[in-house]
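**Q**
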Amino acid sequence: MLPAARPEKAPDLPRQPCGRLSNLWRGCSAPARLLSRSTVGASCVGAVASSQKSHKLEGMTDSHDHTKVLTEVDIDRYDPEARKWLTGAIRAVKSDANRSSDTHLLHVPLPSDWGIDLYLKDESSHPTGSLKHRLARSLFLHALCNGWIRPGRPVVEASSGSTAVSEAYFAQLIGVPFIAVMARSTSAQKIALIEFYGGTCHFVDNANEVYEVAADLAAESGGHYMDQFTYAERATDWRGNNNIAESIFDQMSSETHPEPSWIIATAGTGGTSATLARYVRYTGRATGICVADPDNSAFFAGWRDHDPSATTDQGSRIEGIGRQRVEASFIPSSIDRMMHVPDAAAIASIQLLETLMGRRAGASTGTGLWAAFRIVSQMKAAGQTGSLVALICDPGERYLDKYYSQDWLTEAGIDTVPFRERLADFMTSGRLD
Ligand SMILES: Cc1ncc(COP(=O)(O)O)c(C=O)c1O
3 MLPAARPEKA PDLPRQPCGR LSNLWRGCSA PARLLSRSTV GASCVGAVAS SQKSHKLEGM
63 TDSHDHTKVL TEVDIDRYDP EARKWLTGAI RAVKSDANRS SDTHLLHVPL PSDWGIDLYL
123 KDESSHPTGS LKHRLARSLF LHALCNGWIR PGRPVVEASS GSTAVSEAYF AQLIGVPFIA
183 VMARSTSAQK IALIEFYGGT CHFVDNANEV YEVAADLAAE SGGHYMDQFT YAERATDWRG
243 NNNIAESIFD QMSSETHPEP SWIIATAGTG GTSATLARYV RYTGRATGIC VADPDNSAFF
303 AGWRDHDPSA TTDQGSRIEG IGRQRVEASF IPSSIDRMMH VPDAAAIASI QLLETLMGRR
363 AGASTGTGLW AAFRIVSQMK AAGQTGSLVA LICDPGERYL DKYYSQDWLT EAGIDTVPFR
423 ERLADFMTSG RLD
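For what it's worth, the numbering used here labels the leading residue of the sequence shown as 3, then goes sequentially.
1. Which partner residues does G290 have in the DSSP bridge list?
2. Drop a sphere of 10 angstroms on the beta-carbon of S126, count the other beta-carbons inside from all chains shown, and report buried for 16 or more, exposed for fewer.
3. Determine the direct distance from the alpha carbon of E356 to that of A426, and round the result to whole angstroms.
4. Would you kindly check if the distance between the Cβ of L358 and the Cβ of V110 is under 9 Å?
5. Alpha carbon to alpha carbon, how far is A217 from E83? Give it in angstroms, no decimals.
6. Along the beta strand (DSSP E) that carries L122, what are the first and last residues, could you check?
7. What beta strand (DSSP E) runs, 3 residues minimum, are completely inside the stretch 181-251?
8. Looking at C-alpha atoms only, which residue of R136, A374, R433 and L141 is the closest neighbour of V293?
9. Can you list, in chain order, the residues of its chain with a C-beta nearer than 7 Å to that of D119? Leave out the 5 residues immediately preceding and following it.
10. By the 10 Å Cβ neighbour count, where 16 or more other Cβ atoms means buried, how is Y405 classified, buried or exposed?
11. Quick one: is C203 buried, meaning 16 or more other Cβ sit within 10 Å of its Cβ, or exposed?
12. Between the C-alpha atoms of T169 and K96, what's the straight-line distance to the nearest angstrom?
13. Roughly how many angstroms separate the alpha carbons of T188 and S162, rounded to a whole number?
14. Can you name the start and end residues of the beta strand (DSSP E) that H135 belongs to?
15. Of all the options P420, L88, L137 and G432, which has the alpha carbon lying nearest to the alpha carbon of S275?
16. Considering just the uninterrupted stretch of the beta strand (DSSP E) at G388, what are its terminal residues?
17. Would you call the CB atoms of T238 and G200 closer than 9 Å?
18. Can you tell me where the beta strand (DSSP E) holding A160 begins and where it ends?
19. Quick one: which unbroken alpha helix (DSSP H) runs of 4-plus residues sit fully inside the stretch 339-403? Chain order, please.
20. By DSSP's criteria, V110 is part of a beta bridge. Which residues make up the other side?
21. On the DSSP bridge assignment, give the partners of R283 in chain order.
22. Give me the DSSP bridge partner(s) of R327.
23. Once you ignore the five residues that flank P129 on each side, which residues in its own chain have a CB closer than 8 Å to its CB?
24. So, using beta-carbon positions, are G242 and I265 closer together than 9 Å?
25. Could you name the residues of the same chain whose beta carbon sits closer than 6 Å to that of S140, not counting the 5 residues immediately before and after it, in chain order?
26. Under 8 Å Cβ to Cβ from S336, same chain only, skipping five residues before and after it: list those, please.
27. Compute the Euclidean distance between the alpha carbons of T89 and I151, then round it to the nearest angstrom.
28. Would you report the Cα separation of I250 and G286, rounded to the nearest angstrom?
29. Roughly how many whole angstroms lie between the Cα atoms of L175 and R433?
30. Would you say P344 faces chain C, with C-beta separation under 9 Å as the test?
31. Nearest to R93 by CA position, among L122, D76 and F142, is which residue?
32. So D76 is in the beta strand (DSSP E); what residue range does that whole segment cover?
33. Ligand 1 heavy atoms versus the CB of A160: any closer than 8 Å?
34. Please classify H326: is it buried, with 16 or more other beta-carbons within 10 angstroms of its beta-carbon, or exposed?
35. So is H226 buried or exposed if we call it buried at 16+ other beta carbons inside 10 Å?
36. If contacts are defined as beta-carbon pairs under 8 Å, then A365 and D417 qualify, I think. What distance do you get, rounded to the angstrom?
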């Protein structure tokens, strides 16, 4: 039975996998951290890292009496070498962002007399090819500023592939080793990209093992478990700072309907939908946030039933999205609407995307696209005009041997034909029931 991701919400303290030290105390020995958190006792001084300076002040004692409360203690852990490295690492990550341009907002050619504009935020145009580039940058900055990443120590991540590709890139940028823990079924193209950026892949047979194996590997190597599924929602600056939401609204500002009726996202960690949802509320927009969810994902049932312990028996076939448990970074109360999208409908949608725009995208894009087409159809039926925004999450070239392979589809028992017929009808009638 899969453990629930969030039996109860503990927002500030990370989970402590396998009884290991949490990230919060990385770099401290256990006795040191206990003592330094409470009123510090003298024995702490001997337990902390050798680089730190301690100053014995009035009232201090050499005894190891932990119960003795001292009036004044000064422990200095400032490490100029470590700070210098950190400053360089943060500058490298920020410079990368400075050199990058914004991602495009593409207009999908629907019949103009419908009066409904559909846009796609093309996140595949990031340097590492997916919307995970934003997340990886945020996670690295968050972890660096927290002091969780240290020179020479590996960063370890549990991933379905896209995040690992982007994190391998940032790890290489700052010169630390990177280990991706992934299901053996991860696409060959993603594995090749992780290795291209100098990362190492560690495979598990059961996708549910990724969390624990990653935490163990980090603990054993003295590295840092990035834990995107916990930290995605809080590492990103949701108020702005050119996050995906701010960028979308800036790019929409000169359009016929600048405030989209809906933004449609999908959920892997839930971080993207959380950022979008918080931003629209924070900036006073009326835009609704819809999350499209594939087969075998726990997010839909968890949201529908207000049940954070929802799980599924099988993993998602749509790489990057759909989890077997409701991940901690998924914020259900921020989501206005969810739509379950069959995998075959998602793949039929990327086939239509290629016909309409000459672009290939991954099937998470197709999942959101099907939901967007459904909402367009409902708006048209209700006589509404307006705009919608969905996302191109990553490029289809990563999945040539999967979603773009008829052999793979046949073996997976996925028949896109009925959905393709419905989409062909949609493009002429505007109806997608
Ligand atoms: C290809 C792809 N699409 C969509 C998502 C969903 O993004 P988020 O993790 O922000 O929910 C992911 C996440 O891994 C992904 O890899």
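C-beta: ideal position from N, C-alpha, C; glycine also.
This structure is a prediction, so every number in the text was calculated from the model and none was measured.
**A** Quick look at the numbers:
1. W264
2. buried
3. 13 Å
4. yes
5. 27 Å
6. I118 to D124
7. 202-206
8. A374
9. H109, E257, T258, H259 and S389
10. buried
11. buried
12. Here residue 169 is Glu; the residue named in the question, Thr, does not match the sequence. Taking the straight line joining both Cα atoms gives about 14 Å.
13. 7 Å
14. Careful: H135 lies outside any beta strand (DSSP E), inside the alpha helix (DSSP H) at K134 to C147.
15. L137
16. G388 to I394
17. no
18. V157 to A160
19. 345-359 and 365-383
20. L120
21. DSSP, once it has assigned bridges, lists no residue as partnering R283.
22. T313
23. D98, S102, H135 and Y171
24. no
25. A237 and T238
26. S275, A276, A279, R280, R283 and I291
27. 12 Å
28. 15 Å
29. 48 Å
30. Considering every chain present, this structure includes no chain C. It has just one protein chain.
31. F142
32. D76 to D78
33. no
34. The sequence given here places Gln at residue 326; His does not occur at that position. That one is buried.
35. buried
36. With a Cβ gap of about 15 Å, A365 and D417 do not count as contacting.
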